[in-house]
Amino acid sequence: MKLQRMNRRALTLGALAVSGALALTACGSDDTGNSGNSSASATTGASSIKCDDAKGQLLADGSSAQKNAIDAWVKQFTAACKGVQINYKGGGSGAGVTAFTQGQVAFAGSDSALKPEEVTASKSVCSGGQGVDLPMVGGPIAVGYNVAGVDNLVLDASTVAKIFNNQITNWNDEAIKKLNPDAKLPDLKIQAFHRSDESGTTDNFTKYLIATAKKDFPYEGGKAWQAKGGQSASGSSGVAQQVKETNGAIGYFELSYVGDGVNAASIDTGASAPVEATVDNATKAIADAKVVGTGQDLALELNYATKAEGAYPMVLVTYEIVCDKGNKADTLPATKAFLRYIASEEGQQILADAKYAPIPADIIAKVRTTIEGLS
Amino acid sequence: MSHAITDKRPSTLRGASLPKWSPYAFAACSVAVAIGIGVAAGLSSKIQWGLIAAVLFVVITYGVAARVEGRRQAKDRIATSFVWVAFLIALVPLVSLVWVTVSRGVKVLDVYFLTHSMGVVADSEPGGGIYAAILGSLEQVALATLIAAPIGVLTAIYLVEYGRGSLARAITFFVDVMTGIPSIVAGLFILSLMLIFEMQPFGFAGSLALAILMMPIVVRSTEEMLKLVPNELREASLALGVPKWRTILKVVLPTSLGGITTGIMLAIARIAGETAPVLLLVWGNPFINANPFEGAQASLPLYIYQQYANSSGSGAAYDRAWAASLTLIAFVMILNLVARGIARWKAPKTGR
Amino acid sequence: MDISTKNTEAPPPAPQPAVAQHKRAARGSTRPGDRIFLGLSRGSGIFLLVIMAAIAVFLTYRASLAISKDEANFLTAFEWNATAVPPRFGIAVLAFGTVVSSIIAMVLAVPIAVAIALFLTHYAPRRLSGPIAYVIDLLAAVPSIVYGLWGALILVPHMNGLFGWLNNYFGWTGILSWEGGAPRSMLTVGILLAIMILPIVTNVSREVFRQVPQMHEEAALALGATRWEVVRMAVLPFGRSGVISASMLGLGRALGETMAVATVLSPTFDIQASLLNPGGGTFAQNIASKFGEATEQGRDALIASGLVLFVITLLVNGAARAIIARRKEYSGANA
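Chains as they are written, first to last, in the UniProt record's numbering: chain A, 1 to 375; chain B, 1 to 352; chain C, 1 to 335.
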């Protein structure tokens, strides 16, 4: 009461701001994606998405590799279940797992399965349960490059390893020439971009290099980039953006980020012909995957060293990580409904349009069973 | 009180001086010679041409002026041209910033953009808008102000009107220290508290961090304003038997109200653009959430960052980022202008 | 900053002793209103103190936890694997990057800012100086994320030419050689920071130069000084302490800048000898880009680095204050 005089103006301003905000609330609305060109296939409406009693907002964070897939799913799902908002922040696999083990998100996306210590950490969030990995999205990791005048670059594991380990530093290096006898390789310094944040893409990419070219890439691997030198950017999106803007750049990211002057290199795996980075070729490699997770966990082991004809070996599988038991009661229905949708046949079909690979049928069937059992 | 120094000494006492048009003539001459050299030597870079012209200009000016007017005048001319050049160089990035923001910002800035949130629009697609971000920013900043302004003003009153001894010294010192807190550190502090209490991200957490950043600014500016109130006013009021607290409320504060309000407005403008703590604490949200006390919210600076970072170089996202920047700048500028308006309007009363 | 000097006619610190006097009077009074009001204002002062102390204690505690677990040398290690199982992290790269980018920013911004301030107060036609000063005032309020966006999308592509030129002519120095990477290096960060702090430093310097006693300038003119001599002998000595504090204000902002650096820099955990080659990092940028994926242990490590930044900022502020205090004695003698 004493401060009336002094704060009158501040109060007036505050009141103005609040009433203004309230007035704004009345007139704003969420973009439902109907305006503008919706690139996702128009299956909206005739969908079999079951919403049950799902409502509220789901917070999720994690892999930027699957961000484009999630965007496509969210568009379909939100159209069917008006009461649910899915807020997926593609902050990187590392950020996703951390947010999950801190109980900040309903589910996380990660391109690497949970490590034992992360499973232990998740037990404090999942009362009576633990975090489990549900493989949902597969995809090729494209080695994208931006070199004017070069369209069909072929690389092999050892060359890729040397490029990213700063041992091959020029585009007209003998090793690259040998793989590309026809290409006009310029005398241009190679600008190798890696991820600055902790990333499942980095993890899978380095796992591939270690599995196939250990002597050229003498590191342990993991979500954080270990090799010295090179340049960095945050998120798959950031790396793609940098490669796009820098002549002579090369980087690794999901196929959906390829385009607009960025080409994906084909990989010489030792099969009869170099393998292009396409969804079909990645699907062939993922078909080799074995489930190594125990219990409800469906972590996969990928065969990076595959030499099968037409199998693109540099692949990753993105897991959605949830609690098997002890999910928060208010977000459980929505989480379950969303996961059920993306694991459904319909959900998996959308993936190909967004340049991702679906999960093999026998594995996705197990995923569906696990989702039904979530509590 | 203009300080432009006009030289009006009678001409009879002056030595020889160069005509007024001489700098332009030197400039034209040096540019011409520089182009000549550039073409002759086949220099491709325009920067080099510019540099050669600049060096020539300096040399010619100094040489001619030193010969005609004397060394001191020559130095004066050099200094003048340096000041002008510094000013022009500095204009380039600043004008570019404003120009680019405005020209790219207006592309998608329309009523739809302002009244819709991103919703389900993917980051790389066109469409969507900043409604949720504007709403979130307004609420977070308003709450931060509601916390920080009263505390800041009261603290300043304590320091100026009551404070002495070790407590006041400690507060003064810590206010100084607080002005140096990097915004990200304030964010980390609140984040760690949130995690201790197992809270989900929400808008008010951002407000708390912003309030921490805002308080010292408000204390500092209010302190200055209160110190400017003439002591005679206080003494007159006290001599009439008015209690001290009423003196402060009825005499001191009204006298300095304009200045205090200006200070608060400038502080608001400052925190409205903070990204780092918001990034940590309020998460960001493509959907509308009008409740700052529950659930993730969006915010304008964060929106700009996310549109830049998550877009994978898509033009649509960049356009949205520019449009959001334009909106944010407009918001901050309006606050600034209002603050100035208040300062000017109140000035005759305070500045006696 | 302009508010503090707006009413230049009134000598600012004058009321102090008198205020102290009626404080004595106030102590004697026992009116309830007085006590409540005193309680309220003292309460908020104490509240502020408590918040600050809480932050300090909390940060120090978390930082000490992290540093005690650190397997590498916290001050000299060139890596940041704070979330790894035996955590290994050090601030050498961050300290280097922070200091280098701030120094570049200061070296570029301060002379130009002083020149602009002189231009506005002593050189520009009056009709021009008013609006320009106004615009620069407003630019000081442009949020740093906007500078970041502009830096990443406009400045960086334009740096290629400059970098090539520097490499051609100064590449032999080593610190200005360029291997042709994307121009997201410490120099770019320094230039962006310089552009960001330019309006602030200009504003404060301008206010200071405006307060130069007209008598000094007129005296110099009367002695036949040229305009530059007036500036050098009357304006600059008077304004020196003000310019230094303005620079420190800018430096404080440059040291703690987060988002603008994060959008422009290509961070790596090593030190580049050349300012043009991408790499390095700063404290604030590292916290912003690493906190998301940081586990509790990693966050403690980031807090430890934040604490170092905090201490550096404090030292800078303290140094500025010391310089100003010393200069005041000098300028007193000069005046």
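C-beta: ideal position from N, C-alpha, C; glycine also.
Measure the CB-CB distance between residue i and residue j and report whether it falls below 8 Å.
| i | j | result |
| --- | --- | --- |
| N165 (chain A) | F217 (chain A) | yes |
| I60 (chain B) | F26 (chain B) | yes |
| I287 (chain C) | G256 (chain C) | no |
| F37 (chain C) | W245 (chain B) | yes |
| G109 (chain A) | E320 (chain A) | yes |
| E274 (chain B) | L208 (chain B) | no |
| T83 (chain C) | Q285 (chain C) | no |
| C126 (chain A) | A337 (chain A) | no |
| L302 (chain B) | L328 (chain B) | no |
| G259 (chain B) | V218 (chain B) | no |
| N263 (chain A) | D151 (chain A) | yes |
Whose Cβ in chain A lies nearer than 8 Å to the Cβ of residue i?
| i | result |
| --- | --- |
| S117 (chain B) | G28, S29, D30, D31 |
| D270 (chain C) | K228, G229 |
By the criterion of Cβ-Cβ separation under 7 Å, what are the contact partners of residue i in chain A?
| i | result |
| --- | --- |
| P267 (chain C) | S196, S232 |
| L195 (chain B) | Q102 |
Hey, how far is the Cα of residue i from the Cα of residue j?
| i | j | result |
| --- | --- | --- |
| V251 (chain B) | I184 (chain B) | 39 Å |
| L251 (chain C) | L153 (chain C) | 24 Å |
| F173 (chain B) | A133 (chain B) | 36 Å |
| S266 (chain C) | E161 (chain B) | 50 Å |
| A92 (chain C) | F283 (chain C) | 10 Å |
| S166 (chain B) | L233 (chain B) | 27 Å |
| S81 (chain B) | S129 (chain C) | 17 Å |
| S247 (chain C) | I312 (chain C) | 15 Å |
| V83 (chain B) | G63 (chain B) | 19 Å |
| P87 (chain C) | N81 (chain C) | 6 Å |
| Q272 (chain C) | I304 (chain B) | 30 Å |
| S39 (chain A) | S344 (chain A) | Here S39 (chain A) scores only 41 on pLDDT, less than 50, and its place in the model is too uncertain to base an answer on. |
| T246 (chain A) | V31 (chain B) | 34 Å |
| A361 (chain A) | D280 (chain A) | 15 Å |
| R77 (chain B) | V264 (chain C) | 38 Å |
| T120 (chain A) | D71 (chain A) | 30 Å |
Cα-Cα, which of the options is closest to residue i?
| i | options | result |
| --- | --- | --- |
| D52 (chain A) | A:S29, A:F77, A:A65 | A:F77 |
| S93 (chain A) | A:G62, A:A79, A:V74, A:A148 | A:G62 |
| F78 (chain C) | C:F96, C:M196, C:W172, C:V204 | C:F96 |
| L109 (chain B) | B:A316, B:V39, B:V85, B:A298 | B:A316 |
| E301 (chain A) | A:V291, A:K307, A:G310, A:E309 | A:V291 |
| Y145 (chain A) | A:V132, A:G103, A:G129, A:K189 | A:K189 |
What residues from chain C crowd round residue i, counting only those whose CB sits closer than 7 Å?
| i | result |
| --- | --- |
| K184 (chain A) | Within 7 Å Cβ-Cβ: nothing; K184 (chain A) doesn't reach chain C, min ~19 Å. |
| T246 (chain A) | A182 |
| A224 (chain A) | N81 |
Would you verify that the beta carbon of residue i is, or is not, closer than 8 Å to some beta carbon of chain A?
| i | result |
| --- | --- |
| N336 (chain B) | no |
| S312 (chain B) | yes |
| L302 (chain B) | no |
How would you list, in chain order, the residues of chain A whose beta-carbon sits under 9 Å from the beta-carbon of residue i?
| i | result |
| --- | --- |
| W283 (chain B) | L59, D61, N87, K89, Q104 |
Would the C-beta of residue i count as close to the ligand FAD, meaning under 7 Å from any of its heavy atoms?
| i | result |
| --- | --- |
| K325 (chain A) | This structure simply doesn't include the ligand FAD, nor any ligand for that matter. |
Looking at the C-beta of residue i, does it have a partner C-beta in chain C at a distance below 8 Å?
| i | result |
| --- | --- |
| F82 (chain B) | yes |
| K20 (chain B) | no |
| K250 (chain B) | no |
| P254 (chain B) | no |
| K346 (chain B) | no |
Measure from the C-beta of residue i to each C-beta in chain B and report whether the shortest distance is under 8 Å.
| i | result |
| --- | --- |
| K366 (chain A) | no |
| W172 (chain C) | no |
| E229 (chain C) | yes |
| K178 (chain A) | no |
| W150 (chain C) | yes |
| N68 (chain A) | yes |
Name the chain B residues that come within less than 9 Å of residue i, Cβ to Cβ?
| i | result |
| --- | --- |
| G235 (chain A) | A309, N310, S312 |
| N317 (chain C) | D176, V177, T179, G180 |
Under 8 Å Cβ-Cβ, which residues of chain B neighbour residue i?
| i | result |
| --- | --- |
| Q241 (chain A) | S311, S312, G313 |
List, in chain order, every chain C residue whose beta-carbon is nearer than 8 Å to that of residue i.
| i | result |
| --- | --- |
| W49 (chain B) | Under the 8 Å cutoff, chain C gives no residues; its nearest Cβ is about 12 Å from W49 (chain B). |
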